[in-house]
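Novice: The sequence shown begins at 531 in the numbering used here and counts up by one.
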Amino acid sequence: MTDEELKSAATGEDEEDIVLADLPDDELVEQMHDDLYDGLKEEVVEGTEILLARGWSAEKVLNKALVEGMRIVGVDFRDGILFVPEVLLAANSMKGGMELLRPLLAETGVQPIGKMVIGTVKGDIHDIGKNLVSMMMEGAGFEVVDIGINNDVDAYFAALEEHKPDILGMSALLTTTMPYMKVVIDELVKQGIRDDYLVLVGGAPLNEEFGQAVGADGYCRDAAQAAEMAPRLLKERREAIGA
Ligand code: B1M
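1. Is D682 close to the ligand B1M? I mean its beta-carbon at under 7 Å from any heavy atom of the ligand.
2. With C-beta atoms as the reference, is L730 less than 8 Å away from H656?
3. Which residue spans inside the segment 597–685 form an unbroken beta strand (DSSP E) run of at least 3?
4. Skipping 5 residues on each side, what residues in its chain have a beta carbon closer than 8 Å to that of V640?
5. With DSSP collapsed to three states, give me the class of Y471.
6. For L592, count neighbouring C-beta atoms within 10 Å of its own C-beta (all shown protein chains included) and say buried if the count is 16 or more, exposed if not.
7. Can you tell which of G610, D606 and G577 has its C-alpha closest to the C-alpha of K594?
8. Helix, strand or coil for L730 per DSSP?
9. What residue from L553, G585, D556 and V597 has the CA that sits closest to L734's CA?
10. Under a Cβ-count criterion, where at least 16 other Cβ atoms within 10 Å of its own Cβ denotes burial, should D676 be classed as buried or exposed?
11. Rounded to a whole number of angstroms, what is the C-alpha to C-alpha distance between I658 and L635?
12. CB of D676 to nearest heavy atom of the ligand B1M: below 7 Å?
13. Could you please give me the residues that DSSP links to L698 through a beta bridge?
14. Quick one: using the 10 Å Cβ neighbour count with 16 as the cut-off for buried, is V549 buried or exposed?
15. Take every Cβ of the segment 603–612, pair it with every Cβ of the segment 583–592, and state whether three or more of those distances are shorter than 8 Å.
16. Could you check whether the segment 623–634 touches the segment 554–574, counting it as contact only if at least three pairs of C-beta atoms, one from each stretch, sit closer than 8 Å?
17. Decide if L690 is buried, meaning its Cβ has at least 16 other Cβ atoms within 10 Å, or exposed.
18. To the nearest angstrom, how far is it from the Cα of P695 to the Cα of T706?
19. Taking its Cβ as the centre, do 16 or more other Cβ atoms sit within 10 Å of D565, making it buried, or is it exposed?
20. For V719, which residues of its own chain have a beta-carbon under 8 Å away from its beta-carbon, when the five flanking residues on both sides are left out?
21. Which term fits I715, buried or exposed, when burial requires 16 or more other beta carbons within 10 angstroms of its beta carbon?
22. Mark I771 as exposed unless 16 or more other C-beta atoms lie within 10 angstroms of its C-beta, in which case mark it buried.
23. Assign V614 to one of two classes, buried (16 or more other C-beta atoms within 10 Å of its C-beta) or exposed (fewer than that).
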């Protein structure tokens, strides 16, 4: 080992700073996964800017650099290698990149084809997936009212009353919170307004069977599927009621 290498090994410092703009696409994407993992928001934002400037579509940047980076974080969080503070930093970095992509994903320039109220259910503070769904729905031409996290029945109903959407979207990331979706849907039924809305649900622990069991109109595996399913189901519903 040279003196320089010994010093670098002892201090843990890299020998030289990485210049993101000098990296080819595949190395840049790998570096962004590392930066996301390390919670380096500025670097993630810079990487996002560089890929966009190189002609990558917003969707490609989102899926290859950000969502894939977060998937890696999720695996290590599950395995006890990363802990809540680190995951929060990673999530914050991802949000930085997503902010740049938001207007691009939403860039359709057409009148809204419908309105959706979306929120994460009571007891659950995960919002990255929900935010992505909001962006993709905006991209698909919907007006989206995002009511945030930890929503109880009253919060959902207040938003439905105020915004009168076509679609109610609910997100849950925990096996302990996903049953709350049924509480909300049961209350819609009880109040006789279930058929006033398309109810779409999503979140990593859900599946098709769960969506049916709680009485939703659709389970969306990911944001892209939500953006594909929503206009289709809304069109079918409007045709069925002759609207
Ligand atoms: Co949490 N967490 N977390 N966490 N967290 C998970 C979900 C977990 C699977 C990690 C693990 O163990 N592998 C695990 C849940 C286990 C389980 O229930 N079976 C878990 C746990 C246990 C916890 C805590 C309990 C940890 C603790 O405190 N001990 C705690 C709970 C807090 C609470 O909510 N009350 C907790 C906390 C956190 C942080 C705060 C640190 C942070 C959240 C930050 C934030 O969201 N602002 C966090 C994170 C980031 C994760 C992981 C790592 C990543 C989630 C994510 O953002 N994924 C996650 C592990 C994982 O999923 N890999 C994990 C990226 C996102 C793009 O995907 O959210 O699946 P996803 O969304 C997708 C689809 O699911 C779908 O489309 C989205 C985009 O394609 N979709 C919808 C989602 N919602 C939709 C709604 C729709 C349609 C589609 O409506 C129409």
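C-beta atoms are modelled at their ideal positions from N, C-alpha and C, and glycine is treated no differently.
Specialist: Result, derived from the coordinates:
1. no
2. no
3. 644–650 and 672–676
4. Because the pLDDT of V640 is 48, which lies under 50, any placement of that residue in the model is unreliable, and the number read from its coordinates should be weighed accordingly. Same-chain partners within the cutoff: G671.
5. Summary: the structure shown does not reach residue 471, with the chain confined to residues 531 through 773, and so no result is reported for it.
6. buried
7. G577
8. strand
9. According to the sequence provided, residue 734 is Ala. The question's Leu does not apply to it. Considering only alpha carbons, the answer is V597.
10. buried
11. 15 Å
12. no
13. V647 and V729
14. exposed
15. no
16. yes
17. buried
18. 27 Å
19. buried
20. G745
21. buried
22. exposed
23. exposed
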